[in-house]
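For the sequence shown, the residue numbers in the working numbering are 2 to 760.
Virtual Cβ for every residue (Gly too), placed ideally from N, Cα, C.
Comments concern the structure below.
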Amino acid sequence: MDEPKELRQRDDTVRYDHPAGGWGSLRGIAQVIGEARPSPGALDTLMRQNKPGGHMCTSCAWTKPAKPHAFEFCENGAKATLWDLTRDRCDPGFFERHTLTELRSWTDHALEKAGRLTHPLRYDAARDRYLPCSWDEAFEGIAAELHRLPPEQTVFYTSGRASLEAAFLFQLYARLYGHNNLPDSSNMCHETTSVGLKKVIGSSVGTCVLSDFDHCDLILFFGQNTGTNSPRFLHPLKSAVDRGCRIITFNPLRERGLVEFADPQNPAQMTVADPTRISQKYLQVRPGGDIAAMAGLCKRLFEMEDTRGGVLDHEFLQQHCTGMDAFASAMREASWDEIEKVSGLRRVDLEEVAEIYATSERVVGIYGMGLTQHVHGWLNVAMLVNLLLLRGNIGREGAGVSPVRGHSNVQGQRTVGISEKPELVPLDKLAEMFDFTPPRETGRTTVEAVEGLLDGSVKGFVSLGGNFARAIPDQGRSDSAWSGLDLSVNVATKLNRSHVLVGRSAWLLPCLVRSERDGDTSPRRAVSMEDSLSHVHGSVGRRAPAAPDLRSEIAIIGGLAKATLAANPKLRWDDWTDDHGLIRDLIAEAFPDMFHDFNARLFTPGGFYRGNPARDREWKTESGRAELTTPEFLCALGETPEPGGLTLVTLRSNDQFNTTIYGFSDRLRGIEGGREVVLINPEDMQRLGLAADQRVTLESTVEDGTARRIGGLRVVPYDLPDGCVAAYYPEVNPLVPLSYHDKLSKTPAYKGVPVRIVT
Ligand SMILES: Nc1nc2c(c(=O)[nH]1)N[C@H]1C(S)=C(S)[C@@H](COP(=O)(O)OP(=O)(O)OC[C@H]3O[C@@H](n4cnc5c(=O)[nH]c(N)nc54)[C@H](O)[C@@H]3O)O[C@H]1N2
Ligand SMILES: Nc1nc2c(c(=O)[nH]1)N[C@H]1C(S)=C(S)[C@@H](COP(=O)(O)OP(=O)(O)OC[C@H]3O[C@@H](n4cnc5c(=O)[nH]c(N)nc54)[C@H](O)[C@@H]3O)O[C@H]1N2
Ligand SMILES: [Mo]
C-alpha cells in the first residue's frame with residue numbers, strides 16, 4: 002500500500018526511521034544502565050514495577066492495567082527507576098568538596114549524577130556549603146524561621162510524585178500553618194485542564210477509562226508525545242489499531258511513537274520488521290493552530306449537517322448542552338482562509354478528517370502539553386470538547402475526552418487538596434475534622450509564586466520534590482531572587498539546580514524513593530497514587546533504602562508539622578507516620594464520594610475508579626449543562642506572529658524526565674550529541690541564510706524591558722511547519738516570559754514563544 006501523503010516525511014529531514022519501542026527501546030534501557038550505575042538487585046525491583054504487591058512507577062501517570070504484561074514497564078519507566086536506584090551517593094563528603102557557587106555552574110545532568118542524597122543538610126553561608134545536621138535540628142530550624150514569617154509570605158510547592166497520603170498531609174500542614182499558597186507542578190502542566198475542563202463539562206479530569214480504548218473507533222490525538230512521555234500507552238493504542246480503530250494526529254512534529262510502534266514484548270514484531278502503523282493521518286498543525294484546525298472540522302460538520310443531515314447528535318445537544326446557537330453561527334461564519342492560515346493545514350485534509358469523524362460512532366479525544374501550554378490553552382481544551390459534544394462523544398462507552406497527565410500522582414495531589422484554590426477543597430470538613438480555622442484567601446499559582454519571588458512578597462519556599470527554579474518560565478530573571486528569601490527548604494531524592502539557589506536559611510532534606518521500603522512492607526506502610534484515568538493504586542516499596550538516614554516524605558512532613566504547629570489532639574503526626582492506613586481513613590472522611598472504603602479497596606487490580614460525574618453525563622458546571630464555547634479567535638498564541646517571525650516550541654527529549662536529564666540521546670527524533678540545538682525546517686533555514694550545524698542565538702521578541710536570549714544553539718534541519726522552531730526544555734526556559742500564560746489557568750505558554758534567530 003502506498004503510504005498516505007501526509008505520513009511521508011521529506012527525505013532531507015528524516016533523522017530516525019525506526020518504530021518506537023522495538024530494539025531501540027531495549028538499547029535505551031541498556032544505555033541508562035551505563036549512566037545510572039544501578040545498585041545490585043535494581044533489575045529485580047524493575048520486574049515488580051506496576052504489579053500487584055509492587056511499587057507503582059514514579060515516572061508518568063499512564064494507568065496500570067489489572068492484568069500486567071510480563072514487563073509492565075517501558076524504556077522510560079525503566080530509566081526512572083534505575084536512575085533512582087543508582088549506587089552513587091551525594092553524601093556530606095561531596096558537599097565538603099564542592100561549594101554551592103561551584104555547583105551553580107554544573108549542568109542538570111551532572112548535579113543529579115552525583116547520586117542519591119543521604120543526609121539532612123543545612124546551608125552554611127560562611128563556608129558556602131551544605132553541612133550534615135540531625136533531623137531534629139532541621140525541623141526545629143525550619144520551624145523557627147516559619148514562626149518568624151507571616152504564613153501568607155510563604156509558598157509550599159509540590160511536584161507530582163508525592164503520594165496521596167503525603168499530599169494530603171502537606172496541604173493540611175500548609176492550611177494549619179495558615180495559607181493556601183499550594184502551587185503544584187500541575188500549574189505548569191495540566192492546570193489548563195483542571196480549570197478549562199471544569200468550566201465546560203464540570204470535571205477537572207478526563208472522562209475515559211482504559212476499557213474505552215477497547216471500544217472506540219476513532220482517536221483524535223492533539224499535542225501529546227506518547228512514544229516518549231507515556232510509552233505504555235502505545236500498547237492499548239496498538240491493540241486499538243489492530244482491531245480497526247483509526248488514529249488521527251495533530252502535531253507540528255512527526256513524533257515516531259505516533260507514526261509506528263513495534264511491541265518489545267512481542268517476539269514476532271521484534272524479529273520481523275513489521276511494526277504497527279499508529280496514525281492513519283498525521284497533520285502537522287502549526288503551534289497554536291489547533292483551535293483553527295478544530296474550527297475547520299466543526300465548520301465542515303455543520304456544512305454536512307445542512308446538506309445531508311444525520312451528522313449532529315441533536316437529542317444529546319438539546320438535552321445536555323448549552324451555547325449551541327452562538328457556536329454554530331460562529332463556525333458557519335469562520336473563514337476557510339483564516340482556518341488554513343492559522344492551522345497551516347489544507348481545507349481538503351480537514352474535510353477528510355471531518356468525514357471520518359462524522360462516520361465514527363465512538364470517538365476519544367486525547368491531548369497533552371501541545372494544547373495546554375498556550376496563552377489560549379483553555380480555549381484549545383474547550384474547542385476539543387465542542388468537537389466531541391457535537392456528536393455526543395462524552396459520557397458513553399468508547400468515547401470521551403482524555404488528557405494525558407504528567408507525573409505519576411500529579412492528578413491525585415489535586416484531588417486530595419493540594420490546591421491554591423480554596424473553593425476546590427472541602428475546608429469546612431477539614432475545619433471540623435481537625436478543629437481549626439482554615440485560611441480562605443486564594444493562594445498563589447506557580448506564576449504568582451514567581452511574581453512574589455521577584456517582587457519580594459514571597460519570603461519562604463518549601464518544596465516537596467521537583468525542581469521549581471529550573472522548570473519555571475523566565476528562569477534567568479528569577480535566579481538571583483532566591484538569595485533574597487529568608488527560608489528555602491527542599492525535600493528531594495537527588496541534587497538539582499533549585500537546591501543550589503538558596504535563601505538565607507536553607508535546608509535540603511533527603512527522602513526515600515517509591516521503590517524503597519518505608520520501615521516494613523505491610524499494607525500500613527503502603528502509599529497510593531491516582532493515574533491519568535482516575536484509578537487509584539496501592540504501592541509498596543521493598544528495596545532497602547539508599548542510606549540509613551533517609552525518611553519517607555510522610556515522616557518528613559510530620560516532623561516539620563510537629564515542630565511548627567501547636568499541639569492538638571486531632572493531629573496525630575507520629576501515628577500517621579507509623580500507619581498510613583490512618584491517613585487513608587482521613588482522606589476517605591474528607592472526600593467520601595471518591596475515597597470511601599479506601600483501605601479496603603487499596604489493592605484493587607487495575608486500581609479503583611474514583612468516579613467522574615461527567616462520565617455519567619452529570620454536568621457540574623455553572624449552567625448545569627455541558628457548555629459549547631464560542632471561540633473569539635482561532636489562534637491559541639498570545640499574539641499572531643509578525644510576518645517572518647518564529648514561534649518556539651519547547652520540547653522534552655526521549656532521554657529526560659522534565660529537568661532530570663538521563664543522557665543526551667533523543668533517539669526517537671534522531672538527535673544525538675547534545676541538547677544545545679534549535680530545530681528548524683530547511684525552507685526557513687534557506688530564508689534566514691542558515692547552514693546546518695551553524696551556531697546561532699535565539700532571542701525573545703517580547704519587549705517588556707527584559708532581554709531574553711540564549712546563544713550557542715546548533716542549527717538542526719528538521720521537519721517542522723514553517724515559522725516554527727523547537728528547542729529543549731529546560732535549557733531554553735529563560736526565553737519564556739512569565740507574563741506568557743494561559744488566560745484562565747495561568748499555565749505558562751511553553752509551546753508558543755515568539756522568538757527570532759540572531760546570527
Ligand atoms: N520520559 C518522560 N516521560 C514524561 C515526562 C518526561 O519529561 N519524560 N514528563 C511528564 C510530564 S510532567 C508531562 S506533563 C508529560 C508531558 O507529555 P506531553 O504532553 O507529550 O508533553 P511535551 O513532550 O511537552 O509535548 C507534547 C507534544 O506537543 C506537540 N506540540 C507542541 N505545540 C503544539 C501545538 O500547538 N499543537 C499541537 N497539536 N501539538 C503541539 C509537541 O510536538 C509534542 O509532541 O509527560 C510526562 N512523562
Ligand atoms: N519550557 C518548558 N518548561 C516546562 C515544561 C515544558 O514543557 N516546557 N513543562 C512543565 C511541566 S509539564 C512540569 S510538570 C514542570 C516540572 O517541574 P518539577 O515537577 O518541579 O520538576 P521535575 O524535573 O519533575 O523534578 C525533578 C526533581 O524532583 C526530585 N524528586 C524526584 N523524585 C522524587 C521523589 O520521589 N520525592 C521527592 N521529594 N523528590 C523527588 C529530584 O530531586 C529531581 O531532581 O516543568 C514545567 N516546565
Ligand atoms: Mo507535567
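With hydrogens ignored, establish whether the beta-carbon of residue i is closer than 7 Å to any heavy atom of ligand 3.
i: S186; result: yes
i: G22; result: no
i: H742; result: no
i: C190; result: yes
i: G371; result: no
i: G407; result: yes
Which of the three DSSP states, helix, strand or coil, is assigned to residue i?
i: V541; result: coil
i: P735; result: helix
i: P549; result: coil
i: P5; result: Caution is warranted here: a pLDDT of 48 is assigned to P5, below 50, making its placement in the model unreliable, and the coordinate value is therefore given only provisionally. Three-state DSSP puts P5 in coil, outside helix and strand.
i: Y663; result: coil
i: V717; result: strand
i: P593; result: helix
i: V364; result: strand
i: Y610; result: strand
i: H408; result: strand
i: P427; result: coil
i: D436; result: coil
i: T323; result: strand
i: G646; result: coil
i: A450; result: helix
i: Q32; result: helix
i: W508; result: strand
i: L254; result: coil
i: H536; result: strand
i: H500; result: helix
i: S531; result: A small correction: the amino acid at residue 531 is Glu; Ser does not occupy that position in the sequence shown. The answer is strand: DSSP assigns E531 an E or B state.
i: H148; result: helix
Would you report the Cα separation of residue i and residue j, rounded to the nearest angstrom?
i: G311; j: R278; result: 31 Å
i: R618; j: H321; result: 8 Å
i: V405; j: R98; result: 42 Å
i: S535; j: W508; result: 34 Å
i: R611; j: M595; result: 5 Å
i: E628; j: G207; result: 16 Å
i: S40; j: G116; result: 11 Å
i: G504; j: V426; result: 31 Å
i: D575; j: A562; result: 10 Å
i: G102; j: D45; result: According to the sequence displayed, residue 102 carries Thr and not Gly. Cα-Cα distance, rounded: 39 Å.
i: D326; j: C246; result: 32 Å
i: V349; j: G35; result: 49 Å
i: L302; j: I357; result: 11 Å
i: E782; j: S186; result: Nothing can be reported for residue 782: it is not among the residues displayed for the chain, which extend from 2 to 760.
i: P511; j: S409; result: 20 Å
i: R626; j: I202; result: 7 Å
Near residue i, which residues of its chain fall below 6 Å by C-beta distance, leaving aside the five closest residues on each side in sequence?
i: F96; result: R130, Y131
i: R543; result: R518, T522
i: D218; result: C246, S361, E362, R363
i: F214; result: P237, A241
Beta-carbon within less than 8 Å of residue i's beta-carbon, same chain only, minus the 5 sequence neighbours each way: which residues are those?
i: T698; result: R710, I711, G712, G713, L714, I758, V759, T760
i: A167; result: L465, V528, S553, E554, I555, I558
i: V726; result: L647, T648, L649, V650, V679, L680, I681, D685, L699, V756, I758
i: I292; result: V343, H377, L380, N381, M384, P632, F634, L635, C636, A637
Cβ-heavy atom distance between residue i and ligand 2 below 7 Å?
i: T322; result: Residue identity differs from the one stated: residue 322 is Cys in this sequence, not Thr. The answer is no for C322.
i: Y178; result: no
i: L509; result: no
i: G607; result: no
Is residue i near ligand 1 - that is, is its Cβ less than 7 Å away from at least one heavy atom of it?
i: C1; result: Here the chain has residues from 2 to 760 only, and residue 1 is not among them.
i: E256; result: yes
i: T159; result: no
Give a yes or no on whether the minimum CB-CB distance between residue i and chain B is below 8 Å.
i: Q657; result: You won't find chain B in this structure, because it holds only one protein chain.
For residue i, which residues from the same chain have a beta carbon less than 7 Å from its beta carbon, with the 5 sequence-adjacent residues on both sides left out?
i: P439; result: R176, L428, L431, A432
i: F317; result: G393
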